[in-house]
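>
Laid out in structure tokens, this is it:
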């Protein structure tokens, strides 16, 4: 569910992608709602870039189907101009200047907005006379981000291109993204491992790990996925008996325990009676805990 | 924004606060979803959810083509809601703390009188 009724922009069904000896995606089924900002989260090597590359028709799946606006994107001249994929390791021709890259993007994307692009070029202070190849990492990232935003493509993927941006430039990117999304609603997929930075920007989270989807939910619903309880260790032990514990730390007689699942009204009452404190679990913490748990389960599977 | 409560609830509470302190007058236009999203740097869907919370409770009303407005009588309605929640939100935690540190009800009433006098609330 994606918090709106606009339907799906992207449908991925049973997609598997194998490289020589590894399976990068393992029977992945997931969809991305139209006109929403999605976060695609996961560790390095989890399969984020492979998934985005397949959806944007830069890679073929070994098995399974992908549809963007109801059509297979691969070798499809109707759908491809609607898709913009901005990645960190974007390659440019040897002598290309920023303006050449922008011109190419303007030709490729029918909704390209030069006024918006020029404003962004000024905002990010992109050098006019430096070859892209010679630019700093931050400047290259700025070029990529500008293409992603000014293309106004109906589906835009950002594969961590903003990783090269410093904190000030990243904030600028988030601000411009939100402003432009509000004025021109469309579908964005942001991959990032700076989870807390994008937590308030995204409407849905897709968490991928080891080539499998671990989580696919609206961010607001994730708040109820887990809770941290802090207080006397014996009281916490009593309270958490029978619950799935995601994480546990102790200091003397004090414990901090994160359990899966929302607390019922009665349980919250019990927490107050036991004089325990409840703390929310940030998106970043939840993602780390769920990923760690999945890895532990996989290890156990291999061993048994 | 703090992580304690859902973001959309905090958005709603902030608008409530403005209505209560008069910085947002009745019949005045309330901030739009996009204005709230840009100001707080949050997803517009989250801002919309906060606004809808207030529409459901009759604090904001939608005027077609014009946006969201503060409903007539909104401030008094909010004050009445808060009066009803006062005991739960303030007295229950206060009594829990008092029990912890061994304050009697008499002690609390004494303290309350002193503080009320200092802050100019009279009986």
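Protein chains in written order, with the numbering used here: chain L, 1 to 304; chain U, 1 to 123.
All C-beta atoms in this analysis are idealised placements derived from N, C-alpha and C, irrespective of residue type, glycine included.
Does the separation of the CB atoms of residue 50 (chain L) and residue 80 (chain L) fall below 8 Å?
Taking 8 Å as the Cβ cut-off, residue 50 (chain L) and residue 80 (chain L) do not qualify as a contacting pair.
> Beta-carbon within less than 7 Å of residue 195 (chain L)'s beta-carbon, same chain only, minus the 5 sequence neighbours each way: which residues are those?
Around residue 195 (chain L): 41, 283, 284 and 287.
> Figure out for me which residue from U:7, U:5 and U:14 has the closest Cα to the Cα of residue 78 (chain U).
Out of U:7, U:5 and U:14, U:14 has the C-alpha closest to the C-alpha of residue 78 (chain U).
> Using 8 Å as the limit for Cβ to Cβ distance, is residue 182 (chain L) near chain U?
Yes, because at least one Cβ of chain U sits closer than 8 Å to the Cβ of residue 182 (chain L).
> Smallest Cα separation from residue 109 (chain U): which of U:32, U:94 and U:100?
It is U:94 whose Cα lies nearest to the Cα of residue 109 (chain U).
> Could you tell me whether the Cβ of residue 200 (chain L) comes closer than 8 Å to any Cβ of chain U?
Yes, contact with chain U.
> Please tell me whether residue 209 (chain L) and residue 91 (chain L) are closer than 8 Å, where the distance is taken between their beta carbons.
Cβ distance not < 8 Å, so residue 209 (chain L) and residue 91 (chain L) don't count as in contact.
> Leaving out five residues on either side along the sequence, give the residues of the same chain with a beta carbon under 6 Å from the beta carbon of residue 117 (chain U).
So no residue of the chain qualifies.
> Buried or exposed: residue 167 (chain L), going by 16 or more other Cβ atoms within 10 Å of its Cβ?
With fewer than 16 other Cβ atoms within 10 Å, it is exposed.
> Three Cβ pairs or more, each shorter than 8 Å: is that satisfied between the stretch 22-40 of chain U and the stretch 50-57 of chain U?
Yes: at least three Cβ pairs fall under 8 Å.
> Identify whether residue 32 (chain L) lies in helix, strand or coil by the three-state DSSP scheme.
Three-state result, residue 32 (chain L): strand.
> Could you pull out every residue in the same chain whose Cβ sits closer than 6 Å to the Cβ of residue 199 (chain L), ignoring the five residues on either side in sequence?
Here the set comprises 283.
> Answer yes or no: do residue 146 (chain L) and residue 124 (chain L) have a C-beta to C-beta separation smaller than 8 Å?
Closer than 8 Å, so yes.
> Kindly say whether residue 175 (chain L), judged by its beta-carbon, lies nearer than 8 Å to any beta-carbon of chain U.
Cβ-Cβ to chain U under 8 Å: yes for residue 175 (chain L).
> Rounded to whole angstroms, what's the CA-CA distance from residue 73 (chain U) to residue 26 (chain U)? Just pull it up for me.
In a straight line, the C-alpha of residue 73 (chain U) is about 7 Å away from that of residue 26 (chain U).
> Taking the beta strand (DSSP E) that residue 260 (chain L) belongs to, which residues open and close that run?
It spans 254-260 - the beta strand (DSSP E) in which residue 260 (chain L) sits, taken as one unbroken run.
> In chain L, which residues lie with their C-beta within 7 Å of the C-beta of residue 7 (chain U)?
Residues of chain L passing the Cβ test: 200.
> What residues match up with residue 131 (chain L) in a beta bridge as DSSP calls it?
Paired residues: L:97.
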